[in-house]
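Beneath this line is the structure, given in structure tokens, with notes to follow.
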Amino acid sequence: MKLKILGSGNIFSKHNSASCLVDDNILIDVPNGTCKIIKNIGIEPCKISEILITHFHGDHYLDMPFLLLNKIFDNSECSNVYCDSTGEEKIYNVTKLAFPNKVEKINNYFKYNYDKKFKINDYEIEKILLKHEEGIEAYGYIFNKNHLYVGFTGDSGICDNIEIMARKCSHLICDCNSIIGKKSHMGIDNLTSLANKYSNCIFYTTHMDDSTRKELEKLTLKNIIILNDNDEFIFED
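Numbering (the working numbering), first residue to last: 97 to 333.
The structure is reproduced here in structure tokens:
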């Protein structure tokens, strides 16, 4: 797996909003500015074929209308969008607000999948229900290729399914929004507890506030890696 970190910050951070790109064509979350970030690393947004959305807060999907516009102008192939069952309506509505004259073409370029387990290329992927704000379905994703498990939590407070992801994955890209964890986001306290408990997992912090990033830099745990925009990793099975 080739993993490119497009953004590692929360919405208030000077860093790009949290988003990842797998193997140059699997996009995990589509926050503000994603299409320009992708173009700046030499990839045309219209070529993205698979899109995984963790949940429908604005800093995780509001560049979808711009992605659609890129696809329309290139007349590119349809992308698969993996999300919760409200996704099609929400993406349609925000696109109608952004580009009302283009929304009638949306179904030509986005096809929706709500399955809890699915396959993309050689990856078997599991969608995991996590814990975020009330009224918001929030999911993490576990990628499995030849028993190498790589997880992406999206936004979540500490919960049983986060523990399952940490236990199962060799690499876990995880929310570390704040210094002290909350119901809707993990904090440094949650992360250090997980890192001590699951020493076989490497934890990569994302969705960080700038003040959180500074505190994380004081940690000495070897299985915690602080992500930065444009970081790149190769995970081999």
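For every residue, glycine included, the Cβ atom is placed at its ideal position computed from N, Cα and C. For clarity, every value in this text was computed on a predicted model and none was experimentally measured.
Exercise. For N128, which residues of its own chain have a beta-carbon under 7 Å away from its beta-carbon, when the five flanking residues on both sides are left out?
Worked result: Start at 1 with the first residue of the sequence shown, and residue 128 comes out as number 32. Around N128: S113, D155, L158 and D159.
Exercise. What separation, rounded to the nearest whole angstrom, lies between the Cα atoms of G236 and I254?
Worked result: On the sequence shown, residue 236 is found 140 positions in, with the first residue counted as 1. On the sequence shown, residue 254 is found 158 positions in, with the first residue counted as 1. Spanning the alpha carbons of G236 and I254 requires a straight line of approximately 12 Å.
Exercise. On the premise that D325 lies in contact with S104, defined as a C-beta separation below 8 Å, what is that separation, rounded to the nearest angstrom?
Worked result: Counted from its first residue, the sequence shown places residue 104 at position 8. Counted from its first residue, the sequence shown places residue 325 at position 229. Under the criterion of beta carbons closer than 8 Å, S104 and D325 qualify as touching, at roughly 6 Å.
Exercise. At a cut of 8 Å, does the segment 207-219 reach the segment 167-181 through at least three beta carbon pairs?
Worked result: yes
Problem set entry | Where the beta strand (DSSP E) containing S175 begins and where it ends | Here the question's residue 175 lines up with position 79 in the sequence shown. Element bounds for S175: S175 to Y178.
Exercise. Does DSSP put F162 in a helix, in a strand, or in coil?
Worked result: Here the question's residue 162 lines up with position 66 in the sequence shown. In the structure shown, F162 sits in a helix (DSSP, three-state: H, G or I).
Exercise. Which ranges would you report for the alpha helix (DSSP H) in the segment 250-301 if only whole runs of at least 4 residues count?
Worked result: With a minimum length of 4 residues, the continuous alpha helix (DSSP H) runs that stay inside the segment 250-301 are 256-264 and 284-293.
Exercise. Are there 16 or more other CB atoms within 10 angstroms of the CB of C174, so buried, or fewer, so exposed?
Worked result: Residue mapping note: residue 174 aligns to position 78 of the sequence shown, counting from 1. The residue in question, C174, is exposed, as its Cβ has fewer than 16 Cβ neighbours within 10 Å.
Exercise. Start and end of the alpha helix (DSSP H) containing I187?
Worked result: Position 91 of the sequence shown holds residue 187. Segment G183 to A194, the alpha helix (DSSP H) holding I187.
Problem set entry | Boundaries (first-last residue) of the alpha helix (DSSP H) holding Y157 | Within the sequence shown, the letter at position 61 stands for residue 157. From DSSP, the alpha helix (DSSP H) with Y157 extends over G154 to Y157.
Problem set entry | Endpoints, the alpha helix (DSSP H) within which L123 is located | Along the sequence shown, one-based indexing puts residue 123 at 27. For L123, there is no enclosing alpha helix (DSSP H); the enclosing beta strand (DSSP E) has its first and last residue at I122 to I124.
Exercise. Excluding the five sequence neighbours on either side, which residues of its own chain have a C-beta within less than 8 Å of the C-beta of S145, listed in chain order?
Worked result: Within the sequence shown, residue 145 is the residue found at index 49, counting from 1. N121, I122, E173, S175 and N176.
For this session: Count the CB pairs spanning the segment 218-229 and the segment 185-193 that are closer than 8 Å, and state whether there are at least three.
Result: no
Exercise. By how many angstroms is the C-alpha of E259 removed from the C-alpha of K135?
Worked result: On the sequence shown, position 39 is the one that residue 135 refers to. On the sequence shown, position 163 is the one that residue 259 refers to. If I take the Cα positions, the gap works out to 35 Å.
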